Structures are given as structure tokens and as C-alpha cells.
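Working notes for the structure below.
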Amino acid sequence: MHALVIGATGATGKDLVEQLMKDDSFKKVDVFVRRPLDIQHNKLTIQVIDFDQPDEWRDLVIGDVLFSCLGTTIKAAGNKEAQWKVDYGYQYEFAKAAKENGIERYVLVSAEFASPKARSFYSKMKGELEEAVKELGFSRLSIIKPPILMRKDSDRNFEVLGLKIIQLVNKAGLLRSQQPLPTEVLAQAMINSAKQTTSTNEVLIGKAIRNRAEFNE
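Structure, rendered in C-alpha cells:
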């Protein structure tokens, strides 16, 4: 397959690209980024683009599957409007371009409590994106809603604190369904989801994500 990736510079995206390059099921991997990457591989094509100019990159969105793990924080973006543009706007525009260009497989990393009816800005934004991409009509759409992630060298203070709390609670035998998920496991679940042959819309949460990472079928 020919894979396309947005969000390749994040923790999950880095693991995803690394695993795709090792996976013989994928003959080509295109990553779309704002700045050049210091990485080379015979499968890899790096497309440096301006996400705000879709007319300049839309025709490059050609392949078999689009992996979307793009995201930012309010702290990094500066405000809610800027975060919305990245987490919702950029991802939706890429998904739309993919569908228009004949890509029928789309794997989206969302959030565990995403819902268009959620009270929190982040969960509502992610939930509205889920609903929007469903309407695009992909033959196979996988929405993966991980719990708190174990990112290598995370600089997200709230995430680091939350991870420590969840780990302590888990040690006490509580909230086993909320066990933190390593980004490399999430990446493998994304890849295995893209390999599925059935035409469907699926949502993976909790244990189902780990199961998908372990099994292709």
C-alpha cells in the first residue's frame, strides 16, 4: 500500500512512520509537514507544505490510506481558535482531499472522550471532527480513541501529571480500562486497522486498541 501521514512529527506520528518504513505491506510513505525532516528512507517522500494553502497540496494527496494523527495544544497554538484550525481544520481538509482523490481508507486518532455534545472544548472539537469525517463516506474509516498516552519525553505538563496519577491508580487495581497507552502501540493499531479488508466505519477504544495492535485480523 501507499500510505500518507499527517502529524508525522508528533510522538505517535514518529512511531507510526518508523513502523510503516519497516512494514513490507507498505511500499511508499508520504509525510506532509511544515518543515523539512532530518530523516531518509527509500520508501519515504517528505512533502513540505503550507497547510493553509490546500490548493497547493490537494493534488498530492494520492495513495491508498491516509493516517491522521495531527494535533496541538492551546499552549502551543496560542488560543482555542488556533488549536481548532490545526486539530479540526487541517485534518478535515486533508480527509476531504483524500476522499476526493479516491483514497478509501482513513485512520484517524481522536480522543477517548470525544463527543460533539461534550462540554470541554477539546472533547467537543474532536467529536465534531469525527462526525464530519464520517459524512465524507470513506469505504473504511477507523477512528481510534486512545486513553492517556505514554509519549517519549513528553513536555505536556498536564499529561505527565495525569499519567502519574493513572499509573498510581492502576497499581491499586483500579481503572484498568484507563491504562496509559504507549504511542508505539497506538501506531501499530493504526497500521493494523489500515490492513483490514472489510468496508466499515469502526471506533476503537480501550482494550480494543491493544487487541488491534496485537492482531491484524
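Note that my numbering has the sequence shown beginning at -6, numbered continuously upward.
By construction, the Cβ of each residue, glycine as well, lies at the ideal position given by its N, Cα and C atoms.
Everything numeric in this text was worked out from a predicted model, so none of it was measured.
Nearest candidate by alpha-carbon position, reference residue i, set the options
i, options, result
"Leu174", "Gly64, Ala104, Val26 and Leu53", "Ala104"
"Thr66", "Ser132, Gln76, Phe60 and Asp57", "Gln76"
"Phe85", "Arg51, Ala70, Asn204 and Gly71", "For clarity, residue 85 is Tyr in the given sequence; the question names Phe instead. Cα-wise, what sits closest to Tyr85 is Arg51."
"Arg27", "Asp17, Phe44 and Glu121", "Phe44"
Assigned exposure category for residue i - 16 Cβ within 10 Å defines buried
i, result
"Gly95", "exposed"
"Arg112", "exposed"
"Ile184", "buried"
"Gln181", "buried"
"Val100", "buried"
"Asp80", "buried"
"Phe19", "buried"
"Phe114", "exposed"
"Ala69", "exposed"
Where residue i sits in the DSSP three-state scheme
i, result
"Asp222", "Because the chain is modelled from -6 through 210, residue 222 falls outside the range shown and cannot be assessed."
"Pro140", "coil"
"Lys73", "helix"
"Glu121", "helix"
"Ile184", "helix"
"Leu167", "Caution is warranted here: a pLDDT of 49 is assigned to Leu167, below 50, making its placement in the model unreliable, and the coordinate value is therefore given only provisionally. In this structure, Leu167 counts as coil in the three-state DSSP scheme."
"Asp218", "Outside the shown range of the chain (-6 to 210) lies residue 218, about which nothing can therefore be said."
Sequence-distant residues of its chain with Cβ nearer than 6 Å to residue i (five each side left out)
i, result
"Lys21", "His(-5) and Lys36"
"Leu54", "According to the sequence as given, residue 54 is Val; it is not Leu. Contacts found: Ala90, Ala91 and Asn94."
"Glu195", "Ser135"
Cβ neighbours of residue i in the same chain (closer than 7 Å, five flanking residues each side left out)
i, result
"Arg205", "Ala182, Asn185, Ser186 and Leu197"
Does the count of Cβ pairs from the segment 201 to 210 and the segment 26 to 43 closer than 8 Å reach three?
In short, these stretches do not touch, since the Cβ pair count stays below three.
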